[in-house]
Amino acid sequence: MSPLLVEYPLPRPHVWDNPLARGADGVLRYGNLTPALTELLDLQVHAFSMREAVVEVGGPRLTYRELWHSASRIAGGLQEHGIGYGDRVAIHMPAGARWVQSFLGALLSGAVPVLVHDGLPEAVAKRVIADSRADFVLGRACGDAELPDGAAYIDDGAALGDLALLCYTSGTATPKGVELTNENLLSAVRSMVATLDLPTDGLRNLMLLPLAHASGCVDQMLPTFAVGGTVVLARGTRALAEAIASERIDMVSATPRIFAGLLPELAELRADGLCTDGIARISKAGHRSERAAVPATSADLAAQLRGMFPSARQWSVWGATETSGIGLAVDDAERSAGRLDPEVVLGFPFGGTELALWGPKATVGHGELLCRGPNVTPRYWNDPTTTAARFTGTWFHTGDQVTIDADGLVRRDVVSAE
96 MSPLLVEYPL PRPHVWDNPL ARGADGVLRY GNLTPALTEL LDLQVHAFSM
146 REAVVEVGGP RLTYRELWHS ASRIAGGLQE HGIGYGDRVA IHMPAGARWV
196 QSFLGALLSG AVPVLVHDGL PEAVAKRVIA DSRADFVLGR ACGDAELPDG
246 AAYIDDGAAL GDLALLCYTS GTATPKGVEL TNENLLSAVR SMVATLDLPT
296 DGLRNLMLLP LAHASGCVDQ MLPTFAVGGT VVLARGTRAL AEAIASERID
346 MVSATPRIFA GLLPELAELR ADGLCTDGIA RISKAGHRSE RAAVPATSAD
396 LAAQLRGMFP SARQWSVWGA TETSGIGLAV DDAERSAGRL DPEVVLGFPF
446 GGTELALWGP KATVGHGELL CRGPNVTPRY WNDPTTTAAR FTGTWFHTGD
496 QVTIDADGLV RRDVVSAE
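Take the sequence shown: its position 120, counting from 1, is numbered 215 in my numbering, and each next residue is one higher.
Here is the structure:
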């Protein structure tokens, strides 16, 4: 072991719904995953065929059967365009039911979806699409009749180690392509379902996170589908707030910045009689760029959310695109009880994530946070130089300066950051 790298055992018990086993590479892995994401989704389609799978407020409402059928026809249309196993299909359109159909259609065709955020500047979006070497683009200009359409088709030949998704980093002028395998995605889904204790009795998740980011697609949409829940999508602050009542929402997932922007509208509607007592879960996805953008402190925001959603349990989830958007989590009840400083706490590792510190002070608990686990990407897309720079063996360098205490709690290293 390099003297700069110090691994941190995890004495705090994990909430795992089945044991993990250490692989030959030293990484903890789930032992009973389905071979591919499409197989997991297919099982849920048959189990919950008549439940609503996706609702676009003011737009389409699709049951699992309807969503799967429409996606399989898109897959068939892509096949007729020559798209098949391992090809890359860019998804570049606004979030909505058509985005979900297109994403699943690309998966079912055997292709690798490439997530291109609709809010990117046009020049950056073009660079991302060019860098991915996309073989087909499902773009913003597609009308209803222009989406590929053919005989229903489902490719079922994928394996755990196969590339399943190409997701690009955010917050930089030059996004990096991150390869996520079936194992990465399935492990992240399994971890989120267990950690947030997602029910199978008809969860309705109002998703405010971008579908084109790992935090939205991998950590919220796919886990919701994995438990037979409903993904609810809306545009505009007013529509989002009103959807809480009209769509019988019991879970809301967003970034702290989005929550901060939504709270004034919610307060106004609540004064007019909106009932928010039905919300049982709140999931906040955070990263470094978020902290500078949130006008309220973490403590203030958590308190405001508790006032708005008195029955809800709150989680904060930390992760990077390279870790499938997950890795650390904390129940905000621990923060509100005064046990944890909300301004510096990132969370405890979960879902097989293991931690190490890198740097000259690693032996005394300070340094750059390194992660490894079944959710961590094996490499960057077509970029061996960045891969070599950001990985030490199986350990991913996050770039975050932190401290790790004896319980495995990770905090931002305020001294190093200043």
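We put the beta carbon where it would ideally sit given N, CA and C, even for glycine.
Review point. Which residue's Cα is closest to the Cα of Gly-488: Ala-451, Leu-400 and Thr-458?
Key: Within the sequence shown, numbered from 1, the residue matching residue 488 stands at position 393. Of Ala-451, Leu-400 and Thr-458, the residue nearest in Cα terms is Ala-451.
Check your understanding: Any idea which residues DSSP pairs Arg-343 with across the strands?
Key -> Your numbering for residue 343 matches position 248 in the sequence shown. Answer by DSSP bridge pairing: none, since Arg-343 is not bridged.
Point to revise | Cβ pair Ala-185, Val-207 closer than 7 Å | key: In the sequence shown, residue 185 corresponds to position 90, counting from 1. In the sequence shown, residue 207 corresponds to position 112, counting from 1. For the pair Ala-185 and Val-207, the CB atoms are not nearer than the 7 Å cut-off.
Review point. According to DSSP, is Thr-472 helix, strand or coil?
Key: Reading the sequence shown from its first residue, position 377 is the one you call residue 472. Residue state, collapsed to three classes: coil.
Check your understanding: What are the partner residues of Glu-274, as DSSP defines its beta bridges?
Key -> In the sequence shown, residue 274 corresponds to position 179, counting from 1. DSSP lists Leu-261 as partners of Glu-274.
Point to revise | Reference Ser-167; option with closest CA among Ala-428, Glu-449, Gly-200 and Gly-447 | key: Here the question's residue 167 lines up with position 72 in the sequence shown. Residue Gly-200 is the option with its Cα nearest to Ser-167.
Review point. Is the Cβ-Cβ distance between Val-327 and Leu-280 less than 7 Å?
Key: Locating residue 327 in the sequence shown gives position 232, counting from the first residue. Locating residue 280 in the sequence shown gives position 185, counting from the first residue. Cβ atoms of Val-327 and Leu-280: not closer than 7 Å.
Point to revise | Whole beta strand (DSSP E) elements within the segment 442 to 502, 3-residue minimum | key: Assignment of beta strand (DSSP E) within the segment 442 to 502, counting only whole runs of 3 or more residues, yields 449 to 453, 461 to 467 and 490 to 499 in chain order.
Exercise for review: Report the three-state DSSP secondary structure of Leu-202 (helix, strand or coil).
Suggested key: Within the sequence shown, residue 202 is the residue found at index 107, counting from 1. The answer is helix: DSSP assigns Leu-202 an H, G or I state.
Check your understanding: Do three or more CB pairs link the segment 410 to 423 to the segment 281 to 298 at distances below 8 Å?
Key -> The segment 410 to 423, when compared against the segment 281 to 298, does touch it at the 8 Å Cβ threshold.
Review point. Should Leu-304 and Ser-348 be called a contact, given that it needs their Cβ atoms to be closer than 7 Å?
Key: As a working mapping, residue 304 is identified with position 209 in the sequence shown. As a working mapping, residue 348 is identified with position 253 in the sequence shown. Yes. Within cutoff.
Point to revise | Bridge partner(s) assigned by DSSP for Trp-413 | key: For the purposes of this step, residue 413 is taken as residue 318 along the sequence shown, with counting starting at 1. Answer is Gly-381 and Leu-423.
**Study point:** Neighbourhood of Lys-456 by C-beta, 6 Å cutoff - its chain only, sequence neighbours within 5 removed
**Key:** The count along the sequence shown starts at 1 and reaches residue 456 at position 361. Result list for Lys-456: Gly-462, in chain order.
Review point. Checking contacts by CB at 7 Å: is Arg-376 closer than that to chain D?
Key: In the displayed structure, chain D is absent; only one protein chain is listed.
Check your understanding: Any idea if Val-195 is buried or exposed, counting beta-carbon neighbours within 10 angstroms, 16 or more meaning buried?
Key -> On the sequence shown, residue 195 is found 100 positions in, with the first residue counted as 1. Buried is the label assigned to Val-195, since at least 16 other Cβ atoms lie within 10 Å of its Cβ.
**Study point:** Range of the contiguous alpha helix (DSSP H) that encloses Pro-351
**Key:** Looking up residue 351 in the sequence shown gives position 256. Here the alpha helix (DSSP H) through Pro-351 covers 351 to 366.
Practice item. Can you say whether Arg-485 is buried or exposed, counting buried as having 16 or more other CB atoms within 10 angstroms of its CB? Key: On the sequence shown, position 390 is the one that residue 485 refers to. A residue is called buried when at least 16 other Cβ atoms come within 10 angstroms of its Cβ; Arg-485 meets this threshold and is buried.
Exercise for review: Can you grab the Cα-Cα spacing for the pair Trp-163 / Asn-277, in whole Å?
Suggested key: Your numbering for residue 163 matches position 68 in the sequence shown. Your numbering for residue 277 matches position 182 in the sequence shown. Here the C-alpha atom of Trp-163 lies approximately 19 Å from the C-alpha atom of Asn-277.
**Study point:** Buried or exposed (CB count within 10 angstroms, at least 16 for buried), Arg-507
**Key:** Counting from 1 along the sequence shown, the entry for residue 507 is found at position 412. Counting the other CB atoms within 10 Å of its CB gives Arg-507 a total of 16 or more, which places it among the buried residues.
Review point. Which one of Ala-229, Thr-319 and Leu-364 has the shortest CA to CA distance from Trp-476?
Key: In the sequence shown, the residue the question calls residue 476 occupies position 381. If we check each option's Cα against that of Trp-476, Ala-229 comes out closest.
Exercise for review: Using alpha carbons as the reference points, say which of Thr-264, Val-284, Arg-285 and Leu-258 lies closest to Glu-274.
Suggested key: Position 179 of the sequence shown, counted from the start, is the residue given in the question as residue 274. If you compare the alpha carbons of Thr-264, Val-284, Arg-285 and Leu-258 with that of Glu-274, the shortest gap goes to Leu-258.
Check your understanding: What's the C-alpha gap between Ala-362 and Gly-381?
Key -> Counted from its first residue, the sequence shown places residue 362 at position 267. Counted from its first residue, the sequence shown places residue 381 at position 286. Using only the alpha carbons, I get a separation of about 23 Å.
Exercise for review: Would you kindly work out how many angstroms separate the C-alpha atoms of Arg-204 and Pro-216, rounded to a whole number?
Suggested key: What you label residue 204 is simply residue 109 of the sequence shown in a count that begins at 1. What you label residue 216 is simply residue 121 of the sequence shown in a count that begins at 1. Looking at the sequence provided, one finds Ser at residue 204 rather than Arg. Distance between the alpha carbons of Ser-204 and Pro-216: 29 Å.
Review point. Going by DSSP, which residues form a beta bridge with Tyr-103?
Key: For the purposes of this step, residue 103 is taken as the residue at position 8 of the sequence shown. Beta-bridge pairing links Tyr-103 to Leu-450.
Check your understanding: Going straight from the alpha carbon of Ala-407 to that of Ala-334, what length do you get?
Key -> The residue labelled residue 407 in the question sits at position 312 within the sequence shown. The residue labelled residue 334 in the question sits at position 239 within the sequence shown. For Ala-407 and Ala-334, the distance between alpha carbons rounds to 21 Å.
Practice item. Give the DSSP bridge partners of Val-232, in chain order. Key: Residue numbering aside, residue 232 sits at position 137 when the sequence shown is read from its first letter. For Val-232, DSSP records a beta bridge to Ala-185.
Exercise for review: Confirm, please, whether the CB-CB distance from Gly-446 to Ser-310 is below 7 Å.
Suggested key: Reading the sequence shown from its first residue, position 215 is the one you call residue 310. Reading the sequence shown from its first residue, position 351 is the one you call residue 446. It is not a contact, given that the beta carbons lie outside the stated cut-off.
Review point. How many Å lie between Tyr-103 and Ala-340 at the Cα?
Key: Here residue 103 is taken as the residue at index 8 of the sequence shown, counted from 1. Here residue 340 is taken as the residue at index 245 of the sequence shown, counted from 1. Looking at the backbone, the Cα of Tyr-103 and that of Ala-340 are separated by about 45 Å.
Review point. Does DSSP put Ala-116 in a helix, in a strand, or in coil?
Key: As a first step, residue 116 is located in the sequence shown; it is residue number 21 there, counting from the start. For Ala-116, the three-state secondary structure derived from DSSP is strand.
Exercise for review: Tell me whether Pro-469 is buried or exposed, calling it buried when 16 or more other Cβ atoms sit within 10 Å of its Cβ.
Suggested key: As a position in the sequence shown, residue 469 is number 374, starting the count at 1. Pro-469 comes out buried.
**Study point:** Rounded C-alpha distance that separates Leu-99 from Thr-493
**Key:** By 1-based counting over the sequence shown, the position of residue 99 is 4. By 1-based counting over the sequence shown, the position of residue 493 is 398. Between the alpha carbons of Leu-99 and Thr-493 lies a distance of about 15 Å.
Practice item. Check Asn-279 in the structure and name its three-state DSSP category. Key: Along the sequence shown, one-based indexing puts residue 279 at 184. Collapsing the DSSP output to three states places Asn-279 in a helix.
Point to revise | Cβ-based neighbour list, Phe-198, same chain, cut-off 6 Å, excluding 5 preceding and 5 following | key: Sequence index remark: in the sequence shown, residue 198 carries index 103 (1-based). Around Phe-198: Ile-186 and Pro-208.
Review point. With a CB to CB cut of under 7 Å and the five nearest residues on each side skipped, what residues in its chain are close to Gly-245?
Key: Here residue 245 corresponds to residue number 150 of the sequence shown, with the count starting at 1. Here the set comprises Arg-168, Gly-171, Gly-172, Gln-174 and Glu-175.
Check your understanding: By Cβ distance below 7 Å, which residues in the same chain neighbour Arg-467 in space, the five residues on each side in sequence not counted?
Key -> In the sequence shown, residue 467 corresponds to position 372, counting from 1. Result list for Arg-467: Val-122, Glu-449, Thr-489, Trp-490 and Phe-491, in chain order.
Review point. Are Gly-402 and Phe-443 close, meaning C-beta to C-beta below 7 Å?
Key: Counting from 1 along the sequence shown, the entry for residue 402 is found at position 307. Counting from 1 along the sequence shown, the entry for residue 443 is found at position 348. Not a contact, by the Cβ cut-off of 7 Å.
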